[in-house]
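Before any comments, here is the structure.
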Amino acid sequence: MRSEGFFKKEDILECVNRKADDKKLRHFSISRYGLVDDDVRKIVWPILVRGNCELPDIDPETVKHHPSYRQVELDTCRMTSLMPKNLNPEEIESIQRIVTRLVISVLVDNPSLHYYQGFHDICYVFFSVLGEKESRMLLNKLIPTHFSLFMQKSMDVTLEYMQLIFALLEHVSTSVLNSIESVDLGPDFAIAWIITWFAHVLPNMDDVRRLFDLFLATDPIMLVYVSVAVSLYYLKKKRDFVKDFTTLM
């Protein structure tokens, strides 16, 4: 028996073939099942981002001599938890090299910005769906609106931005905010959620990509709304909120 997700996939592809308004695709992205699978994402993510600009190749020596190269290389070596479990060591190493090159290429494309630990997770998720070339194009389109805030010389601007989480929590549930503050957690408790789009903290890549569907189809402030929603869920529904909540950090 065909599933609801199967029929939704057909509807999405029909919408793409008809070149329908991307508002419809955004609706599909945020509704149940999101964009269903990676075959659909490979088609729809570039439409949502409107990213199809050609970029020149980066010289391999430029990549290797970039100031952030060594740190990115170290970080990509630690991202195996995001990868499929059936990969052999050679495949893992190849992916790590490609993601390192992708990260550095994006940094070369945006010389005023700085690498932060966790951006490699973002790059891997895009690469896993789109491949290296198209990921680089989309990331360059997204950086001004979605990532440049996190790519400043210091994290001060990011931490200031995260005050929005506490401001919104204070508005919707002072009891939850008090619970967080009672264990000396500041708004930076959610930093890994925000700067990696939850890729660093969720064990299931299907869930991660589903969230990427949402974030690509909505305003960047959606990251804050989701972070607040997660906080409300864990601190209202779970008895041992400290244990359950901190496992997501």
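Residue numbering for the sequence shown follows full-length UniProt numbering, beginning at 1 and increasing consecutively. Even for Gly, the Cβ is constructed at its ideal location relative to N, Cα and C.
### Query
In chain order, what residues of the same chain lie with their CB nearer than 7 Å to the CB of ASP121, ignoring the 5 residues before and after it?
MET79, LEU82, THR196, ALA199, HIS200
### SER227 vs ALA190 beta-carbon contact at 7 Å
yes
### Per-residue DSSP class, three states only, for TYR115
Here TYR115 sits in coil by DSSP.
### Query
Is the CB-CB distance between VAL99 and CYS77 below 7 Å?
no
### Segments assigned alpha helix (DSSP H), at least 4 residues, entirely inside the stretch 9 to 93
22 to 30, 38 to 49, 60 to 64, 69 to 76
### Query
Straight-line CA distance for ARG41 to MET151?
26 Å
### Task
On a CA-only basis, which of GLY34, TYR115, THR145, VAL172 is nearest SER154? Give me that one, please.
TYR115
#### Entry: Residue closest to GLY5, alpha-carbon to alpha-carbon, out of LEU35, CYS15, THR158
LEU35
### Task
Kindly give me the distance between the Cβ atoms of THR145 and VAL108, rounded to whole angstroms, as I take these residues to be in contact under 8 Å.
Between VAL108 and THR145 the Cβ distance is about 20 Å, and since that is not below 8 Å, they are no contact.
### Beta-carbon proximity list for PRO220, same chain, < 8 Å, skipping 5 on both sides
THR145, HIS146
### Query
Exposed or buried, which one is TYR233 when buried takes at least 16 other CB atoms within 10 Å?
exposed
### Query
Does the stretch 160 to 175 come close enough to the stretch 83 to 94 that 3 or more CB-CB pairs lie under 8 Å?
no
### Message
Quick check on this structure: which residue in VAL44, LYS141, GLN163 has the alpha carbon closest to the alpha carbon of GLU54?
### Response
Measuring from the Cα of GLU54, the nearest candidate turns out to be LYS141.
### Query
Under 7 Å, do LEU48 and LEU216 count as touching if we go by C-beta distance?
yes
### Message
Quick check: what's the CA-CA separation for ILE165 versus ASP184?
### Response
15 Å
### Query
Is it right to say residue 275 is buried, meaning 16 or more other beta carbons lie within 10 angstroms of its own, or is it exposed?
Summary: the structure shown does not reach residue 275, with the chain confined to residues 1 through 249, and so no result is reported for it.
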